[in-house]
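Numbering (the working numbering), first residue to last: 199 to 437. Yeah, the Cβ is synthetic: ideal placement off N, Cα and C, and Gly gets one too.
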Amino acid sequence: MISRSLIEDLSVKWQTQEFNVAREYAQHVLLSALYGADEDIKLVFKGGTALRLLRQSPRFSEDLDFTGWMKAFHSGRYVELAVKEASKAGLEFKTRESNETSGGWFALVEARVHDWPVRVEWNISLRAGRAPLSETVLVSTPLWLPYSVRALPAAAMAAEKLEALFRREKPRDFFDVYYLLRNRLGVTEIAAQKTGLIKCVRGLNPKAVKNELKQFLPRSQWALISQFPKILEQELERL
Numbered sequence: 199m200i201s202r203s204l205i206e207d208l209s210v211k212w213q214t215q216e217f218n219v220a221r222e223y224a225q226h227v228l229l230s231a232l233y234g235a236d237e238d239i240k241l242v243f244k245g246g247t248a249l250r251l252l253r254q255s256p257r258f259s260e261d262l263d264f265t266g267w268m269k270a271f272h273s274g275r276y277v278e279l280a281v282k283e284a285s286k287a288g289l290e291f292k293t294r295e296s297n298e299t300s301g302g303w304f305a306l307v308e309a310r311v312h313d314w315p316v317r318v319e320w321n322i323s324l325r326a327g328r329a330p331l332s333e334t335v336l337v338s339t340p341l342w343l344p345y346s347v348r349a350l351p352a353a354a355m356a357a358e359k360l361e362a363l364f365r366r367e368k369p370r371d372f373f374d375v376y377y378l379l380r381n382r383l384g385v386t387e388i389a390a391q392k393t394g395l396i397k398c399v400r401g402l403n404p405k406a407v408k409n410e411l412k413q414f415l416p417r418s419q420w421a422l423i424s425q426f427p428k429i430l431e432q433e434l435e436r437l
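Okay, structure coming up:
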């Protein structure tokens, strides 16, 4: 397990709560264990945490999201495999829930990183047919040794993010779209949904935006939160 002092130091450097750093450490350990397993893992990493860990988004994230193309019961086996291997790193991971859902698999894994209890949700969407287009990405972080993951390309990740945004309209999804735009990732996919996105942005609740984004963004990003809907709309209008 990494030291408490490293978590505290990175919390200062990254301008965020120590809890966010501790949870991200647990995410790295689980992902490294999953993709380091000696078998063909039929899961492709995606979502907000993928944007954070692979594309350097400033937004901290809670869940591990994947697309899979196997029978549902394999998802539960993958979770248990990752938990077993990750526990060898000095963390006692426990699976609190692991069940099939209407669209795939959900699992809840918990651990204690020094004084910080962390929870990592696994959301696996299962697709019939062939494996989706993916790429191998090397993950480098001060929290863990370098490791590789299989991830969705930027365009497909943007399409999945848009699907999530229209389904639940959480402020974090709008920020992820903003980050994608600012970094010229998935622009074609976002531009195709411009009208619907602007309509959703105009319906954002400023208080909800502030409450949610302050949890996940470093303090260096807080200045944009109060004007975030306006800023995002301006970015969309430029498309």
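Out of D263, L232, R257, which has the shortest C-alpha to C-alpha gap to G245?
Walking along the sequence shown from the start, residue 245 turns up at place 47. Considering only alpha carbons, the answer is D263.
Tell whether a beta-carbon distance below 9 Å holds between S308 and L232.
Walking along the sequence shown from the start, residue 308 turns up at place 110. Walking along the sequence shown from the start, residue 232 turns up at place 34. Residue identity check: residue 308 is Glu in the sequence provided, not Ser. Their beta carbons are not under 9 Å apart, which means E308 does not touch L232 by this criterion.
What is the residue span of the beta strand (DSSP E) that D261 lies within?
Translated into positions along the sequence shown, residue 261 becomes position 63. Looking at the DSSP string, the run of the beta strand (DSSP E) that includes D261 is 261 to 266.
Heavy atom of the ligand NAP within 8 Å of A309 beta-carbon
This structure lacks the ligand NAP; in fact it carries no ligand of any kind.
Classification of T386 by the beta-carbon crowding that lies within 10 angstroms, buried from 16 upward:
Within the sequence shown, numbered from 1, the residue matching residue 386 stands at position 188. Counting Cβ neighbours within 10 Å, T386 comes out exposed, since fewer than 16 surround it.
Pull up the distance between the alpha-carbon of V399 and that of L363, whole angstroms please.
Position 201 of the sequence shown, counted from the first residue, corresponds to residue 399. Position 165 of the sequence shown, counted from the first residue, corresponds to residue 363. Approximately 10 Å, taken between the alpha carbons.
Where does K408 fall in DSSP's three states?
The residue labelled residue 408 in the question sits at position 210 within the sequence shown. DSSP places K408 within a helical segment (H, G or I) once states are collapsed to three.
The beta strand (DSSP E) with N297 in it runs from where to where?
For this step, residue 297 is matched to residue 99 along the sequence shown. N297 -> beta strand (DSSP E) spans 292 to 298.
Taking the C-alpha atoms as reference points, what is the distance between P315 and Q425?
By 1-based counting over the sequence shown, the position of residue 315 is 117. By 1-based counting over the sequence shown, the position of residue 425 is 227. Distance between the alpha carbons of P315 and Q425: 33 Å.
Straight-line gap, I429 to M268 (C-alpha atoms, nearest Å)
Position 231 of the sequence shown, counted from the first residue, corresponds to residue 429. Position 70 of the sequence shown, counted from the first residue, corresponds to residue 268. Between the alpha carbons of I429 and M268 lies a gap of roughly 41 Å.
With distances taken between CB atoms, is the gap from L251 to V311 smaller than 9 Å?
As a first step, residue 251 must be located in the sequence shown, where it is residue number 53. As a first step, residue 311 must be located in the sequence shown, where it is residue number 113. The Cβ-Cβ distance between L251 and V311 does not fall below 9 Å.
Identity of the residues DSSP links to R348 by a beta bridge:
Position 150 of the sequence shown holds residue 348. According to DSSP, which records beta bridges pairwise, R348 is partnered with T334.
Do we get a CB-CB distance below 9 Å when we pair E361 with the residues of chain C?
No chain C is part of this structure, which consists of one protein chain only.
For the segment 338 to 346 and the segment 217 to 235, state whether three or more C-beta atom pairs, one from each stretch, are separated by less than 8 Å.
Look at the beta carbons and you see the segment 338 to 346 touching the segment 217 to 235: at least three pairs across the two are nearer than 8 Å.
Using DSSP's beta-bridge definition, name the partner residues of T339.
In the sequence shown, residue 339 corresponds to position 141, counting from 1. Partner(s): W342.
F258 - DSSP class collapsed to helix/strand/coil:
One-based indexing of the sequence shown puts residue 258 at position 60. Looking at F258 - three-state DSSP - the assignment turns out to be coil, as it is neither helix nor strand.
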